[in-house]
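Top to bottom, those sequences are chains A and B.
One point on numbering: in numbering that gives the first Met the number 0, the residue at position 405 of the first sequence is 404, and numbering is uninterrupted.
One point on numbering: in numbering that gives the first Met the number 0, the residue at position 173 of the second sequence is 172, and numbering is uninterrupted.
The structure appears below as structure tokens.
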Amino acid sequence: MSLSNGKVKNGREDILTFAFCIFHFAIALIFLLMGVTVIPSSSEARLAPKRSVLGNGLTVITSEQKALPMVTFNLLIDAGARFEPEAEAGLANITARLLTYGTKNRTALQISETLDFLGATLSTGCGEEAATVSMTLLKKDLDTGLQLLAEVLTASTFPAEEIDRQKQSILASIRAREEQPGYIAHLKFIEVLFPKSSYGRPVEGTADSVKRVDRPGLLDFYRKYYRPNHAILTVVGDVSHEEMTQRLGKAFQPWEKGGASVGPPPLPAPGAATVIKVNKDLTQANIIIGHEGVPRAHPDYYAIQVMNYILGGGGFSSRMMESIRNRRGLAYSVYSAFEPEKYTGSFQVSMQTKNESAGDAIRIAIEEIRKIREQGATEEELKAAKDYLIGSFPLRLDTNRKVATFLSQVEFFGLGLDYPERYPELIRRIGREDVLRVAKRYLQPEKLIVVVVADQTKAALKTPLDTGKGL
Amino acid sequence: MLAKMRLLVLSFFLSLSSIAPAEAQNFKVQEAALDNGLKVLLLEDHKSAVVTFQVWYRVGSRNEIDGRSGLAHFLEHMMFKGTKKTKPEEYSRIIAQNGGNSNAFTTEDHTVYFATMSRDKIGVEIELEADRMTNAVLDDYESEKMVVMEERRLRTEDKPGAALGEVMSAVAYTVYPYRRPVIGWMSDILNLSGDDLRQFYKTYYAPNNAFIVVVGDFDAQQILARIKQEFGKIARGAAPPKVTLEEPPQKGERRVALKKEAELPLLSMYYHVPNLQDSDGFALDLLSVILASGRSSRLYQDLVYNKRIATGVDADYDGVSIGPAIFSFTAQVMPDKQQAEVESAIDKVVAQVRSEPVSDRELEKAKNQVEAAFVFGQDSIFGQALRIGQFESVAKWEFINAYLPGIRAVTAADVLRVAKKYLDPDRRTVGTLVPTKETK
């Protein structure tokens, strides 16, 4: 979920309405996270990823695509929020944001002027585990682009004035997020799910912690974590692996290897079941129900994805969509997702319904969870889930930008570049007994955390929730 | 989550305000027409083994009447509720089981149904779309009406920015149907009936009021044969009524305020401008890029970077429309700054482009941005299909290939002239979101 910059698109386009775009996105998100892949032989050859490790430890993956005169870069680096001290929460995010606001050769304005003149895009982002840098440009501008990319990764200067400006901007967006009920629900949910862990904190920090971030801290974080041996760079477009590695070797030559360890993986202990109510002047209740999930490398990961498709991940084929939206008209969007991180994960059901029906919607969602744990899935449901997961693979990789993100994720999660070939079999072998087993094991009604952001007077939820059999 | 959808839409319009660099190729669209009046636009793109198939109906909220707003969109929802051959939701299930992603959307100007699937499965979609062009069952609609009302709460009621946009359009347009929200007013949605749905479907869903766009990995002759086989048997319908409404010229600034629970004020300005079919559209497009595209743009530099009075600022020209267009500005006010400061800063920047020509480099930069975005837009078959459909819907698809030459021909004098002519305070509506916050 990203913070809005408060842009109100001109009303006309803003109201362009999709019948069910949200679930569509939910699926896209799940697939992004699970990095689902099946390359049928024809497009597998098309992808032809190649991998090298440069002398300084930078992992480079390329996929040569000649159809358009463009090149897309996706850099993933172990410099996410979990590496920052709690007192300075937001430090990793500010570091990422400031990468393009001044290097030893260029001011912030010179950087944006250069990019805009080429029509290129260069953006940075920060998550729990990793920071990202993405760049897309025309092939003819490759030299300038590489030079810029190398500069922001090795020679950012973090000017005091830019730090101040960025902190002001982040403080404003921390305030603006209070306008986004879905985001408030998300923040409350992770806070309760991962107490006393960086996973439970917003990546952008709090108003207090952001104010504490200073230049020495930023420079220190940058020097320590922005190192080639902690990074994966994927390049997709009209350039060969040989040419790219050669150019990168040269452009990134000043980028020196860092200390080997980035610290032990976090093992957050999940919080206990609870109901959190946030009162707001809203017409709809924004609801998240969930608990701990599994990390990406978990052996039951694929069985869980098949099970969740049937439960609430599969758009109009899902049980939750059928019982909450189609049959009762209680929500426009409802879905469930097992979202994996590298070292942990979460299970979440997310929906919005008018304040007055919040209690009903929660009860029905929990009934569906209980039902699949008790009865599993039918043969027909299983087949539909597997057919979609395997058959829709090519859609995950139908643009260069999607391919770039995908290959970085494959490397980050250690899936291996042959993962696309292995994927269909990983799904195909899941049986009904697997669905029942993982439903029983990884859906835990007694551990559900329920967050409801709503007009609480109208929602009038009873606590403990009336779920028929109790939580 | 909506951000994702908006991104798709935004990136689409960004690419539109672009089109065709020196390096980019023309769209090699093949055009065909069936005897029943259905037009078919085909673009082969063999980058990956995927095809996107889209049916565009030439009907949107602009075809609705007062008291029935939201009907086009409600019908779009009901199109997933089954036909004489398929059960409710079966369409979506069949597409998913064939590894496809499907969806639909409604705008002021058109209603679009689409699926993206691997090349060997696309026939399934062709068959199902032909079926629901003529066989939709629209009887059981009460629970779907509740879904649409939930959609309105999600998109508009609880979203300060969107709520402001709705009020802005209602004030900026006095006659033209763009004054009504696509999703419809809540009370109108509540009153829509089965007869409304059936009448609207009968009037507007016919092959002669639709066209098909297919982009991806297929053989044009083969897919055309398949389309003819499925859609060819549908009878031509009566010509639908034309929208004859015209927006009268605005004479004097309008102001509107919306009070709502929110954190930060928003400022928005809508100026009446012609759509892209007017030759001034090219210069207006470049003007929006010069003003607010990228961190080096004029408004960003002034309001966000130097003065630090706005958290973000946007200038947008939505010229791809059938009816009269809007050139808009929107800014979110930085905490502890005043909305009046932001308004006066925008006014100064606008006054400058109305009095002095932009520099050659600035114009070239804007053209480069437009051209690069065009190439990047070709990365996606879905994006290309949208672009073709959009142009065909509001003008003719061929206009895409005339667009780049139009952009390239724009001079600094043109930009100055359109800024002077159209960014006139007497032609604008200024709207503000005034945050109210209940004490907890």
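Glycine is no exception: its CB is placed at the ideal position from the N, C-alpha and C atoms.
Computed from a predicted model, the values in this text were never measured in an experiment.
**OP:** Would you verify that the beta carbon of Ser116(B) is, or is not, closer than 9 Å to some beta carbon of chain A?
**Re:** For the record, residue 116(B) in the displayed sequence is Met; it is not Ser. Yes - at least one Cβ of chain A is within 9 Å of the one on Met116(B).
Original post:
In chain order, what residues of the same chain lie with their CB nearer than 6 Å to the CB of Ala184(A), ignoring the 5 residues before and after it?
Top reply: Asn285, Ile287, Val450 and Val452
Subject >> Start-to-end residues for the alpha helix (DSSP H) that takes in Ser186(B) >> reply: Met185 to Asn190
Original post:
When DSSP labels each residue in this structure, what does Val417(B) get in the three-state scheme?
Top reply: Three-state DSSP puts Val417(B) in a helix.
Original post:
For Arg197(B), which residues from the same chain have a beta carbon less than 7 Å from its beta carbon, with the 5 sequence-adjacent residues on both sides left out?
Top reply: The beta carbon of Arg197(B) sits closer than 7 Å to those of Leu137, all from its chain and outside the five residues before and after it, given in chain order.
Subject >> Against chain B: residues of the segment 269-280 of chain A by CB proximity under 8 Å >> reply: Asn278, Lys279 and Asp280
Original post:
Do the segment 401-415 of chain A and the segment 314-333 of chain A touch if we need at least three Cβ pairs shorter than 8 Å?
Top reply: no
Original post:
When the Cα of Ala271(A) is compared with those of Tyr301(A), Pro68(A), Leu447(A) and Gln245(A), which residue comes out closest?
Top reply: Considering only alpha carbons, the answer is Leu447(A).
Original post:
Among all the DSSP beta bridges, which residues are the ones paired with Thr431(B)?
Top reply: Looking at the DSSP output, Thr431(B) sits in a beta bridge with Ala256(B) and Leu266(B).
Original post:
Can you tell me the Cα-Cα spacing of Ser451(B) and Gln109(A), whole angstroms?
Top reply: This structure gives no information on residue 451(B), because the portion of chain B shown stretches from 0 to 439.
Subject >> 9 Å Cβ cutoff, Arg400(A) in contact with chain B >> reply: yes
Subject >> Coarse secondary structure for Arg307(B), derived from DSSP in three states >> reply: coil
Subject >> Residue from Ile321(B), Val312(B), Ala339(B) and Gln337(B) with nearest C-alpha to Ser327(B) >> reply: Val312(B)
Subject >> Closer than 9 Å to chain B by CB, Ile389(A) >> reply: yes
**OP:** Starting from Phe315(A), find everything on chain B with Cβ-Cβ shorter than 8 Å and list it in chain order.
**Re:** Counting only Cβ-Cβ distances below 8 Å, Phe315(A) has contacts in chain B at Phe79, Glu88, Ser91, Arg92 and Ala95, in chain order.
**OP:** Output the distance between the C-alpha atoms of Ala256(B) and Ala169(B), rounded to the nearest integer angstrom.
**Re:** In a straight line, the C-alpha of Ala256(B) is about 12 Å away from that of Ala169(B).
Original post:
Residue range of the beta strand (DSSP E) that Gln29(B) falls in?
Top reply: Gln29 to Ala32 is the extent of the beta strand (DSSP E) around Gln29(B).
**OP:** Report the residue from Pro424(B), Glu75(B), Leu432(B) and Ile233(B) whose alpha carbon sits nearest the alpha carbon of Glu252(B).
**Re:** Pro424(B)
**OP:** May I ask you to list the residues that DSSP assigns as paired with Tyr56(B)?
**Re:** Thr110(B) and Ala209(B)
Subject >> CB contact check: Phe26(B) to chain A, cutoff 9 Å >> reply: Chain A has no Cβ within less than 9 Å of the Cβ of Phe26(B).
Subject >> Residues, ordered as in the chain, of the segment 158-169 of chain A that lie near chain B by beta-carbon distance below 7 Å >> reply: Arg164, Gln167 and Ser168
Original post:
If we count the other Cβ atoms within 10 Å of its Cβ and call it buried at 16 or more, is Asn305(B) buried or exposed?
Top reply: exposed
Original post:
Is there at least one Cβ from chain A nearer than 9 Å to Val348(B)'s Cβ?
Top reply: no
Original post:
With respect to the alpha helix (DSSP H) encompassing Gln408(A), which residues constitute its N-terminal and C-terminal limits?
Top reply: Asn399 to Phe411
**OP:** Could you pull out every residue in the same chain whose Cβ sits closer than 8 Å to the Cβ of Glu161(A), ignoring the five residues on either side in sequence?
**Re:** Leu97, Tyr100, Gly101 and Ala107
Subject >> Pro339(A): first and last residue of the uninterrupted beta strand (DSSP E) it sits in >> reply: Val333 to Pro339
Subject >> Straight-line Cα distance separating Phe52(B) from Glu124(B) >> reply: 8 Å
**OP:** Quick one: using the 10 Å Cβ neighbour count with 16 as the cut-off for buried, is Lys341(A) buried or exposed?
**Re:** Result: buried.
Subject >> Partners in chain B for Arg326(A), counting only beta-carbon separations shorter than 8 Å >> reply: Ser142
Original post:
How would you call Val191(A), buried or exposed, if buried means at least 16 neighbouring beta carbons within 10 angstroms?
Top reply: With 16 or more other Cβ atoms within 10 Å, it is buried.
Original post:
Relative to the alpha-carbon of Asp335(B), which residue among Val213(B), Gly36(B), Pro434(B) and Ser267(B) has its alpha-carbon at the smallest distance?
Top reply: Pro434(B)
**OP:** Less than 8 Å between the CB atoms is what I'm expecting for Val214(B) and Gln383(B), so what's the real figure, rounded?
**Re:** Correct: roughly 5 Å between the Cβ atoms.
**OP:** Identify the contact partners of Arg152(B) in chain A, using a Cβ-Cβ distance below 7 Å as the criterion.
**Re:** Thr282, Gln283 and Lys353
**OP:** Report back the beta-carbon spacing between Val242(B) and Arg61(B) to the nearest angstrom; my notes put them in contact at under 8 Å.
**Re:** 6 Å
**OP:** Measure the C-alpha to C-alpha separation of Asn207(B) and Gly236(B) and round it to an integer number of angstroms.
**Re:** Rounded to the nearest angstrom, the gap between the Cα atoms of Asn207(B) and Gly236(B) is 7 Å.
Subject >> Proximity test, Cβ basis, 9 Å: Gly99(B) and chain A >> reply: yes
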